[in-house]
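Residue numbers (the UniProt record's numbering), protein chains in the order written: chain A, 1 to 385; chain B, 1 to 405.
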């Protein structure tokens, strides 16, 4: 089996699973309980938070545990919009965000908020000048993803941060669900970033757990009211086994961050080299510093992405059309549409997403399988004629 | 650099003429105690200084411990070498390379007790100085106030080389100041007062009042762990836990609210005094600071102190809270002190205690109680634990967490 769909989810790491099991079996008290079982659970929760803060370079009181990327995104966006209503109703995002961001903004739009969706260039990247022009006295939030989940574009978070330094009251949220452990953290998690979302299952952690980084002092309305966990901002009994597992997954992820990124880039590079001069193939994720090494999106002209995914699956190779969350609902990649890619190409796009468990041998195996598929489809579609 | 011995210079005790021998003996005993897990170490206490022969024990660890032994003014890690010029020069160079930093000044200072050695003091200063100049760049010599002094001591058996002067804790060796009891709560002030008592050489036993089920096991363990931190300065400390719930319940039931606090404190002082007498102590220490809370006004102190004529010493009496906190941070008790576990001083605290209680009233109210019986039963329930440096009582699962995470 070749698993090239790591941006959809990753396989849980065995060591992480061991931690999950041990905590679930042995440290199962409620961290809020007064007795020693509660104390023990609370202590492990605190240790997990401390370790994560150290690894991410934040303060301990800036890490909030959530149920994952979708919740973190919804919380930062809706929580800011509602919290800061007295200061304005204008929100800015990009036109290439993950559904959990894009649809949160749509929901707010339906409630009467004004939303600006910044356009992107041919590489899927927003332009800081567009953002500058969109800002007004009513703007309370800017939310731009760090790494695009469909084609891997790294957004200019550093430039945006420079611009927003002059607007200290605007909340700056960065969806970094695709960005951790890819050796670009300092580019997408600048000191100006006020909120940032992470999801454990994207880096071999457990499902159903994630993080919202909230800069100390920034106010955000809670979406979950209740027993007052997470400093009263995110109530609900803490998912301690998953949180401990996530703390471990982040440690393991960052231990070999650099060499992992190099490895992913080598794999991407090899496949791109094979694909790039083939007639009828269009690559949307080039190998350069503007793109993350772990995502490769390309289209084979005339063949729907879905068909290609299933054909590869017959050879035990797992890929996806585009964002797994959107792929079952629409034929088109929303990022590619926003890039004004031709409809035909957009419906043909597939995404390969790698991680450090993949090998160059797998890349070669993919190339040999894909070559058979290509030679089958090319004459049917008169490619290269 | 591998040091072979440490030369320890005595503090204030050098001035204490006839008691010197006693003081040196006590200091040697205290040093032995804090280094008890290094059996290879040899101690040579002499009238002017003490030599600690390391025999391969690690200096870095011993350094950490010596810093906390009262009675030491300064100390120098030293290397013993054979009496050849080459050996002296090589060792001096290695030492200098390790401690010398850009821009520092230095000088060589030789002392010779072996007058038959080939080179005299001036020759050695000259030769070693020249050798260092030849082998290190940018050295600067300064005779009057050098940053580094390279000391060479030529003795009969060998040459001893050192170039660091490290500061000790000062004060007097614990035990030279006599015995006393210390009233330790779990707060910020009493650990600081304990430290100051130890610094003046007083050997203290901790008296801690606890009131289960009103106070938790955690509060008791916190006081014990604080004692573990303070034991670094004393070698070991006896921790005496006194059950106090019955007394508090009785007082609350029978006396008017305004005097609850005053009478409780009178009982505490009585108990501390009886424990002191049994253990042949001479004084009672506590962490009271004038005017800090209702029980610490001069009126309150007078009404409470009324139960004994034993000296009650209050080392932090005139310090500001910020000064106390600074010391607490310095000695490492602050973070533990601020852990929020209720102790027996806060439970049964009346909402409006008298800040100016009257002695006659306190006596009058107390007469309604079976004071002797209460005291007797409390004393019957005391538990004594000997606590050593760094002993832990609060379950620390950090290691388990690290393994999991």
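The C-beta atom is built at its ideal place from N, Cα and C for all residues, glycine as well. Source: prediction; values computed, not measured.
Between the CA atoms of residue j and residue i - distance to the nearest angstrom
i: residue 244 of chain A; j: residue 12 of chain A; result: 13 Å
i: residue 380 of chain B; j: residue 35 of chain A; result: 29 Å
i: residue 354 of chain B; j: residue 262 of chain B; result: 8 Å
i: residue 241 of chain A; j: residue 38 of chain A; result: 14 Å
i: residue 296 of chain B; j: residue 63 of chain A; result: 42 Å
i: residue 455 of chain A; j: residue 327 of chain B; result: No information on residue 455 of chain A is available, as it lies outside the stretch 1 to 385 that chain A covers here.
i: residue 165 of chain A; j: residue 73 of chain A; result: 22 Å
i: residue 71 of chain A; j: residue 65 of chain A; result: 10 Å
i: residue 250 of chain A; j: residue 224 of chain B; result: 37 Å
i: residue 181 of chain B; j: residue 164 of chain B; result: 38 Å
i: residue 320 of chain B; j: residue 288 of chain B; result: 11 Å
i: residue 253 of chain B; j: residue 260 of chain B; result: 10 Å
i: residue 222 of chain B; j: residue 195 of chain B; result: 17 Å
i: residue 334 of chain B; j: residue 184 of chain B; result: 14 Å
i: residue 371 of chain B; j: residue 337 of chain B; result: 32 Å
i: residue 217 of chain B; j: residue 59 of chain A; result: 31 Å
i: residue 272 of chain A; j: residue 362 of chain A; result: 14 Å
i: residue 407 of chain B; j: residue 89 of chain B; result: Coverage of chain B is limited to positions 1 through 405, which leaves residue 407 of chain B absent and any answer about it impossible.
i: residue 282 of chain B; j: residue 200 of chain B; result: 14 Å
i: residue 344 of chain A; j: residue 280 of chain A; result: 12 Å
i: residue 11 of chain B; j: residue 47 of chain B; result: 12 Å
i: residue 101 of chain B; j: residue 76 of chain B; result: 18 Å
i: residue 427 of chain B; j: residue 177 of chain B; result: Nothing about residue 427 of chain B can be reported from this structure: the residues present for chain B run from 1 to 405 only.
i: residue 105 of chain A; j: residue 77 of chain A; result: 7 Å
Neighbourhood of residue i by C-beta, 6 Å cutoff - its chain only, sequence neighbours within 5 removed
i: residue 27 of chain A; result: 40, 41 and 44
i: residue 87 of chain A; result: 140
i: residue 161 of chain A; result: 190 and 192
i: residue 246 of chain A; result: 200, 205 and 209
i: residue 130 of chain A; result: 118
i: residue 152 of chain A; result: 285, 291, 292 and 295
i: residue 239 of chain A; result: 209
i: residue 377 of chain A; result: 303
i: residue 9 of chain B; result: 49, 73 and 74
Whole-angstrom C-beta distance between residue j and residue i, which should lie under 8 Å
i: residue 188 of chain B; j: residue 197 of chain B; result: Contact flag wrong, Cβ pair sits at about 16 Å.
i: residue 307 of chain B; j: residue 298 of chain B; result: Not a contact, Cβ separation roughly 16 Å.
i: residue 234 of chain B; j: residue 174 of chain B; result: 5 Å
i: residue 9 of chain A; j: residue 202 of chain A; result: 7 Å
i: residue 57 of chain A; j: residue 222 of chain A; result: That pair is no contact at about 25 Å.
i: residue 348 of chain B; j: residue 264 of chain B; result: 7 Å
i: residue 313 of chain B; j: residue 272 of chain B; result: With 8 Å as the limit, residue 313 of chain B and residue 272 of chain B do not qualify as a contact, their Cβ atoms being about 12 Å apart.
i: residue 320 of chain A; j: residue 337 of chain A; result: Contact doesn't hold; Cβ gap of about 17 Å is too wide.
i: residue 334 of chain A; j: residue 142 of chain A; result: In fact, because the Cβ distance is near 19 Å, the residues do not count as touching under 8 Å.
Neighbour-count burial assignment, residue i, 16 or more Cβ in a 10 Å radius
i: residue 118 of chain A; result: buried
i: residue 116 of chain A; result: buried
i: residue 132 of chain A; result: exposed
i: residue 270 of chain B; result: buried
i: residue 111 of chain A; result: exposed
i: residue 167 of chain B; result: exposed
i: residue 141 of chain B; result: exposed
i: residue 61 of chain A; result: exposed
i: residue 138 of chain A; result: exposed
i: residue 42 of chain B; result: exposed
i: residue 282 of chain A; result: buried
i: residue 248 of chain B; result: buried
Residues near residue i by beta carbon distance below 8 Å, same chain, minus five either side
i: residue 274 of chain B; result: 375 and 379
i: residue 383 of chain B; result: 240 and 241
i: residue 228 of chain B; result: 387, 388, 389, 390, 391, 392 and 393
i: residue 143 of chain B; result: 107
i: residue 329 of chain A; result: No answer about residue 329 of chain A holds up, because its pLDDT of 49 lies below 50 and its placement is not dependable.
Close beta carbons around residue i, own chain, < 7 Å, minus the five adjacent residues each side
i: residue 40 of chain B; result: 55, 56 and 57
i: residue 236 of chain A; result: 224, 226 and 229
i: residue 186 of chain B; result: 219, 222, 223, 226, 337, 341 and 343
i: residue 326 of chain A; result: Legend: pLDDT at residue 326 of chain A = 49, less than 50; position of this residue unreliable, no value from coordinates given.
Distance cut-off 6 Å: residue i Cβ against heavy atoms of the ligand FMN
i: residue 43 of chain A; result: For the structure depicted, the ligand FMN is absent and the ligand set is empty, with no information on it obtainable.
(request) Could you say if the region 18-36 of chain B and the region 124-138 of chain B meet the contact criterion of at least three C-beta pairs nearer than 8 Å? (result) no
(message) Within 8 Å, do at least three Cβ pairs link the region 253-266 of chain A to the region 290-303 of chain A?
(response) yes
(request) Mind the definition here: the region 166-183 of chain A touches the region 123-130 of chain A only if three or more C-beta pairs lie below 8 Å; say whether that holds. (result) no
(message) Check whether the region 351-361 of chain A and the region 2-12 of chain A touch, using three or more Cβ-Cβ pairs below 8 Å as the test.
(response) yes
(request) Take every Cβ of the region 111-125 of chain B, pair it with every Cβ of the region 148-155 of chain B, and state whether three or more of those distances are shorter than 8 Å. (result) yes
(message) Tell me whether the region 155-162 of chain B and the region 72-82 of chain B touch, counting them as touching only if at least three CB pairs, one residue from each stretch, are closer than 8 Å.
(response) yes
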